[in-house]
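FYI, in this note's numbering the residues of the sequence shown are 10 to 189.
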Amino acid sequence: MHRLFVALRPPPAIRDTLTDVMDGVAPARWQDDEQLHLTVCFIGSVDRPVAEDVALALSSLSAPAPTVALSGVGRFDQRGQTGAIWAGVTPHDALAALHRKVDQAMIRVGLEPEHRAFLPHITLARLSRGAGAEAEVAAWLARHAALSSQPFALTHLILYESHLGHAGAAYEPIARWPLE
Numbered sequence: 010m011h012r013l014f015v016a017l018r019p020p021p022a023i024r025d026t027l028t029d030v031m032d033g034v035a036p037a038r039w040q041d042d043e044q045l046h047l048t049v050c051f052i053g054s055v056d057r058p059v060a061e062d063v064a065l066a067l068s069s070l071s072a073p074a075p076t077v078a079l080s081g082v083g084r085f086d087q088r089g090q091t092g093a094i095w096a097g098v099t100p101h102d103a104l105a106a107l108h109r110k111v112d113q114a115m116i117r118v119g120l121e122p123e124h125r126a127f128l129p130h131i132t133l134a135r136l137s138r139g140a141g142a143e144a145e146v147a148a149w150l151a152r153h154a155a156l157s158s159q160p161f162a163l164t165h166l167i168l169y170e171s172h173l174g175h176a177g178a179a180y181e182p183i184a185r186w187p188l189e
């Protein structure tokens with residue numbers, strides 16, 4: 010089985026900006042440079058023939074390259090505790106349109122549509138349940154609330170395979186396609 014997702018990768022200068030703010034929450038597992046991406050569609054575990062169909066469907070997708078900027082930070086809450094810390098991006102319109110196109114392509118392949126609301130973000134850190142870092146997270150969020158950048162283009166759609174291990178997930182780019 011192949012655990013797949015479709016994402017956009019920020020340019021090196023933006024990844025450097027993100028790396029510069031990734032500290033100050035002791036129990037957080039901060040992402041490394043190779044893990045920084047904006048998920049467009051999580052596919053999940055599929056067998057090889059479906060993975061090949063996914064790649065074929067994505068290769069024929071035509072969409073403009075979204076231009077966005079970093080815009081603030083936030084967290085995902087899991088039962089009252091922070092599960093992830095993220096950097097926001099705006100504007101959302103082009104990203105949402107791309108998400109819909111990818112989702113429709115996956116439906117044509119025979120996969121279930123995405124049921125979660127699409128919130129464009131770049132995950133910076135993950136925290137284990139019971140990490141007990143809510144005060145550190147709140148201080149980090151306040152310290153970096155004004156995170157921003159100049160606009161940047163997300164020029165390639167990338168199909169990744171996620172390999173789960175004891176140290177977390179490792180992401181392997183499988184294929185990439187230029188956006189217009």
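We put the CB at the ideal spot given by N, CA and C, even for glycine. In this text the structure is predicted, and so the values were computed from the model without any measurement.
Separation of the CB atoms of Asp112 and Pro122 is rounded to 6 Å, and the pair is thereby assigned contact status at 8 Å. Taking one beta carbon from each stretch, the segment 71-80 and the segment 159-168 have 3 or more pairs nearer than 8 Å; the two touch. Rounded to whole angstroms, the gap between the alpha carbons of Leu107 and Arg24 is 21 Å. Collapsing the DSSP output to three states places Glu145 in a helix.
Taking the Cα positions, Arg138 is about 7 Å away from Gly92. Between the C-alpha atoms of Ala179 and Pro20 there is a straight-line separation of about 19 Å.
When DSSP states are grouped into helix, strand and coil, His165 belongs to the strand group. Counting the other Cβ atoms within 10 Å of the Cβ of Gln87 gives fewer than 16, which makes it exposed.
Taken through DSSP and simplified to helix, strand or coil, Ser54 comes out as strand. Per DSSP, Pro36 lies in no alpha helix (DSSP H) segment and is marked neither H nor E.
In chain order, Leu107, Lys110 and Leu188 place their CB closer than 6 Å to the CB of Ala72, counting only its own chain and leaving out the 5 sequence neighbours on each side. Per DSSP, Leu104 is one residue of the alpha helix (DSSP H) stretching across Asp102 to Val118. According to DSSP, residue pairing for Gln87 in a beta bridge involves Gln90. Under the three-state reduction of DSSP, Pro21 is assigned to helix. Taking C-beta atoms as the reference points, Ala176 and Gln40 fail to come closer than 8 Å. Contact between His130 and Ala154 is absent: CB atoms are separated by about 14 Å, not below the 8 Å threshold. For the 8 Å CB-CB criterion, Trp186 and His165 form a contact. For Leu133, the enclosing beta strand (DSSP E) stretches over residues His130 to Arg135.
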